[in-house]
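Below: one structure, written as structure tokens.
2 protein chains.
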Amino acid sequence: MATTTEPGTGTTISFLNKLLGGTPLTHVSIRFWDGTLWPDNRPRAATVVLKHPGALREMLASGTAKGLGEAYLRDDFDVEGDMEQSLELAVALENRPAGWLNSLANFYHFNRLPNAHGGRFDGRELGDLKGRQHTLTRDRQVVSFHYDVSNDFYQLWLDERMVYSCAYFETPADDLDMAQVAKLRHLCRKLRLQPGQHILDIGCGWGGFAIFAARNFGVKVMGVTLASGQASLATERAKAAGLTDAVNIELRDYREVQRPENGFDAIVSVGMSEHVGRDHLPEYFKKTWDLLKPGGVFLNHAIGENLQQDRFRGPSFIDEYVFPDGDIPPIPIVLGAAESGGFEVRDVENLREHYALTLRHWVRRLEASHDQAMAFVNEPTYRVWRLYMAGSAHGFDHGAIALYQALLAKPGPSGNAGLPLTRRDWYE
Amino acid sequence: MATTTEPGTGTTISFLNKLLGGTPLTHVSIRFWDGTLWPDNRPRAATVVLKHPGALREMLASGTAKGLGEAYLRDDFDVEGDMEQSLELAVALENRPAGWLNSLANFYHFNRLPNAHGGRFDGRELGDLKGRQHTLTRDRQVVSFHYDVSNDFYQLWLDERMVYSCAYFETPADDLDMAQVAKLRHLCRKLRLQPGQHILDIGCGWGGFAIFAARNFGVKVMGVTLASGQASLATERAKAAGLTDAVNIELRDYREVQRPENGFDAIVSVGMSEHVGRDHLPEYFKKTWDLLKPGGVFLNHAIGENLQQDRFRGPSFIDEYVFPDGDIPPIPIVLGAAESGGFEVRDVENLREHYALTLRHWVRRLEASHDQAMAFVNEPTYRVWRLYMAGSAHGFDHGAIALYQALLAKPGPSGNAGLPLTRRDWYE
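First to last, the sequence lines map onto chains A and B.
Just add 563 to wherever you are in the first sequence, counting from 1, and you've got our numbering.
Just add 563 to wherever you are in the second sequence, counting from 1, and you've got our numbering.
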């Protein structure tokens with residue numbers, strides 16, 4: 564890709580100095596195609612490796628974070644060491660008054676614009692999305708795009724239960740398996756599951772919650788997902804656990820779930836509502852309200868961006884390569900839609916630090932299994948996951964995004980929610 | 564007040580039957596001026612006593628809940644037994660299709676309309692409120708109207724610490740003193756107070772929190788209130804507790820508090836923000852943000868009406884006789900204003916059942932001290948408190964209103980909130 568008109572190392576360094584305006588880099592070194600290290604040889608957490616003399620131009624040409632991400636997918640540059648820390652470079656560029664990046668947030672933010680689906684990308688293609696967002700057909704397509712990439716790929720770096728959502732760490736040193744079990748237990752406790760209850764799990768993934776709740780709390784769970792790879796493996800795993808009577812996994816849109824005669828005793832939705840879209844939250848809460856028995860509870864576990872992040876707009880790396888049509892409405896908007904739909908807000912817990920920890924586990928495990936991953940996905944796809952997960956860790960760590968568990972009640976007759984007075988039982 | 568043109572008992576009963584359209588009353592009997600009991604002699608939780616043949620007309624003439632409340636203040640009727648349960652009658656009337664009551668919610672809801680300040684009332688008069696709502700002058704006037712009614716009056720029925728806000732019951736059988744201590748401890752734990760910290764208590768009342776936190780957690784507390792009776796008694800109590808160095812009470816609007824050099828370590832506001840008004844929430848959160856150190860937390864404890872209650876409008880008993888200019892915005896609105904002001908939502912807990920329990924204690928204690936209360940207030944004032952507190956208990960019990968403790972963080976550098984990973988420490 565290099566041509567004779569490309570700048571040499573010295574010219575690139577001058578340009579970088581000018582671009583960064585003297586902002587010192589603490590965690591990032593840059594290594595040039597000829598081996599030169601900049602700003603010096605001191606070891607740092609991350610090394611951004613420019614692969615050829617035109618690399619920096621390719622990285623910055625678009626003026627967008629999306630374009631910077633695409634340069635990584637094309638291997639104009641690579642990152643050695645700590646991917647999350649490497650974002651310091653992007654932040655430093657973003658913070659320059661000239662700000663060639665219209666928004667760093669595009670690294671780790673969804674947005675609400677239609678997809679452009681242009682660009683050059685040698686990895687998996689979603690293809691053109693037709694029709695309005697959040698039709699049954701289109702939602703199935705976009706969910707499958709992300710979650711059906713390959714069960715084997717996910718299995719390489721998720722915990723043994725394949726729980727693909729924020730874990731719950733009693734201490735930062737907890738390992739990932741332990742933290743996912745703690746999360747599943749935390750959910751079950753918040754729902755106050757009782758043996759024999761009938762629970763709906765919207766967006767059940769590979770069955771982690773359904774199997775755990777059925778085995779440990781004696782409930783019946785109906786899990787629905789739009790990813791066929793998830794549905795089949797979840798069913799297999801429930802069978803292997805001897806829980807075919809208790810766990811029923813269906814490849815179905817939650818909007819097509821039928822209400823059991825007396826309604827579900829409880830509903831849980833973990834990392835699914837990010838695919839609903841804020842304009843469709845009223846429909847989401849109406850449907851879950853209708854499915855739930857009076858006196859039941861609904862636990863919604865989802866990412867929410869900070870209201871102050873609403874300024875971030877524009878073409879998004881996340882929207883194009885990771886979660887098409889995704890949306891992470893701020894928690895006040897989610898709670899407003901829930902209350903307008905009749906639900907009562909009972910408890911809200913912000914677990915953003917837990918998601919940063921979770922994502923760091925995933926990134927480290929993904930990186931450690933790079934070579935095995937190549938059997939299931941290509942390099943650009945690997946890089947999409949590495950970049951989006953490290954970028955998300957950065958976002959959770961800095962508070963641009965948060966993870967909220969919101970417990971909502973559908974009060975019974977006379978407005979009685981039928982809940983214990985305190986949350987003490989969740990911590991016993 | 565009775566005249567020869569007033570209807571007899573029989574006519575009134577026919578009218579009542581028609582009005583209620585056959586809705587059976589479970590908890591309420593009506594006793595007429597001549598001793599007749601309706602619908603029968605079976606003992607019920609509450610007896611509404613019509614004092615004269617024109618009573619029902621006086622109660623219903625205005626077609627508003629406010630007018631019904633005023634008939635109680637004028638002693639057109641009285642209530643024997645359980646005041647809260649007596650509201651069944653008002654609910655039954657409200658639920659009739661003809662619905663002479665434009666809104667039962669006026670019993671226990673604030674509204675956002677200017678005061679009418681008409682009506683006939685032989686009790687305390689607020690006088691005309693001039694100027695815009697929530698000026699410094701007007702807020703001092705309306706706060707003083709409610710909280711300066713008489714320290715001796717409040718002392719008769721509040722707990723020994725005189726905590727005039729929702730208590731925290733580990734079990735429904737806890738006594739009020741115990742539950743208020745538990746609430747104060749719950750607040751201190753949520754704030755994660757450390758010895759030596761400097762805390763601001765906005766709307767400090769009679770000093771309950773300030774004295775408790777200083778004594779048990781070794782913090783310095785600045786408490787501000789607009790009620791001079793509160794300020795002087797709080798100061799007295801802090802002195803008696805030997806905490807003059809640690810507790811500083813000021814008769815001051817929170818908007819006039821100066822920022823300490825490094826900001827307050829934490830801010831608590833318990834039952835005060837109901838006086839702010841939703842339009843002024845941005846100012847409220849800007850001021851508290853400015854007063855707080857980076858890395859500090861702000862706990863806001865306040866009543867919020869359910870978003871679905873927004874339909875209730877019109878002249879309000881509460882607004883005229885209890886909390887002029889009061890407003891209880893739904894929790895999504897409060898959190899939206901907080902996030903827009905920079906705060907991060909960390910934890911939200913709904914304690915509405917606790918407020919119903921608290922109010923029942925207050926009502927029972929107030930009723931038990933009726934005769935002593937007459938030394939400090941007149942009968943209509945006594946009735947204002949009895950009615951508004953029983954009505955509020957009804958509202959909390961039925962979920963029309965809720966009590967939310969919201970823990971908000973002002974993240975430090977790099978968005979670090981500096982909080983423990985879990986809430987487990989609040990329950991140890």
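Glycine included, each C-beta is placed from N, C-alpha and C at the ideal position.
Query: At least three beta-carbon pairs within less than 8 Å, the stretch 879–899 of chain B to the stretch 852–867 of chain B; Result: yes
Query: Which residues DSSP lists as bridging A865(B), in chain order; Result: Y967(B)
Query: Contact belief for K783(A) with H761(A) at Cβ below 8 Å, rounded distance in angstroms; Result: 5 Å
Query: W601(A) versus R607(A) - alpha carbon distance; Result: 11 Å
Query: Cross-chain neighbours of L894(B) in chain A, by beta carbon under 8 Å; Result: Checking the sequence, you will find Ile at residue 894(B) rather than Leu. Within 8 Å Cβ-Cβ: L898, E902 and V908.
Query: Buried or exposed by the 16-neighbour rule on C-beta atoms within 10 Å, applied to T807(B); Result: exposed
Query: Range covered by the alpha helix (DSSP H) that runs through I515(A); Result: Look at the range of chain A in this structure, 564 to 991, and you will see that residue 515(A) is not part of it.
Query: C-alpha distance - L588(B) paired with L652(B), whole-angstrom precision; Result: 7 Å
Query: CB contact below 8 Å: N869(A) versus chain B; Result: yes
Query: Extent of the continuous alpha helix (DSSP H) run through L929(A); Result: R915 to A931
Query: For P811(B), three-class secondary structure by DSSP; Result: Position check: residue 811(B) holds Asn in this sequence, whereas Pro was assumed. Correct three-state label for N811(B): strand.
Query: Close beta carbons around K850(B), own chain, < 7 Å, minus the five adjacent residues each side; Result: Y817 and R818
Query: C-alpha gap between G644(B) and Q935(B), whole angstroms; Result: 19 Å
Query: Residue environment, M1013(A), which counts as buried when at least 16 other CB atoms sit within 10 Å; Result: Residue 1013(A) is absent from the structure shown; chain A starts at 564 and stops at 991.
Query: Validate contact between the stretch 842–859 of chain A and the stretch 720–730 of chain A using beta carbons, cut 8 Å, 3 pairs; Result: no
Query: Start and end residues, alpha helix (DSSP H) containing K783(B); Result: Careful: K783(B) lies outside any alpha helix (DSSP H), inside the beta strand (DSSP E) at K783 to T788.
Query: Distance between beta carbons of G859(A) and F906(A), contact taken as under 8 Å; Result: Not quite, the Cβ-Cβ distance comes to about 10 Å (not below 8 Å), so this is no contact.
Query: Minimum C-alpha distance to F708(B) - residue among I881(B), R800(B), T627(B) and L754(B); Result: I881(B)
Query: Beta carbon of M622(A) nearer than 8 Å to that of A634(A); Result: yes
Query: Per-residue contacts from F732(A) into chain B (C-beta, under 9 Å); Result: L984 and T985
Query: Same chain, Cβ closer than 8 Å to R909(A), five either side skipped, listed in chain order; Result: V860, L970, L971, A972, A980 and L982
Query: Cβ neighbour criterion (16 or more within 10 Å) applied to S649(B); Result: buried
Query: Buried versus exposed call for R923(A) [16 or more other C-beta atoms within 10 Å across all chains shown]; Result: buried
Query: Beta carbon proximity, D738(B) to chain A, threshold 8 Å; Result: no
Query: Classification of S992(B) by the beta-carbon crowding that lies within 10 angstroms, buried from 16 upward; Result: Summary: the structure shown does not reach residue 992(B), with chain B confined to residues 564 through 991, and so no result is reported for it.
Query: DSSP-derived helix/strand/coil call for A956(B); Result: helix
Query: A965(B): contacting residues in chain A (beta-carbon distance under 8 Å); Result: E907 and V908
Query: Members of the stretch 626–637 of chain A near chain B, C-beta cut-off 7 Å; Result: none
Query: Residues bridged to G644(A) (per DSSP); Result: A609(A)
Query: S795(A): first and last residue of the uninterrupted alpha helix (DSSP H) it sits in; Result: S791 to A803
Query: Cβ of D842(B) within 8 Å of any chain A Cβ; Result: no
Query: A829(B) - partner residues in DSSP beta bridges; Result: I762(B) and V860(B)
Query: Nearest-angstrom Cα separation, counted from Q696(B) out to D888(B); Result: 7 Å
Query: Contact residues within the stretch 916–933 of chain B, judged by C-beta distance below 9 Å to chain A; Result: E916, H917 and L920
Query: Counted within 10 angstroms of its Cβ, other Cβ atoms place S977(B) as buried (16 or more) or exposed; Result: exposed
Query: Span separating the alpha-carbon of S728(B) from that of V591(A); Result: 52 Å
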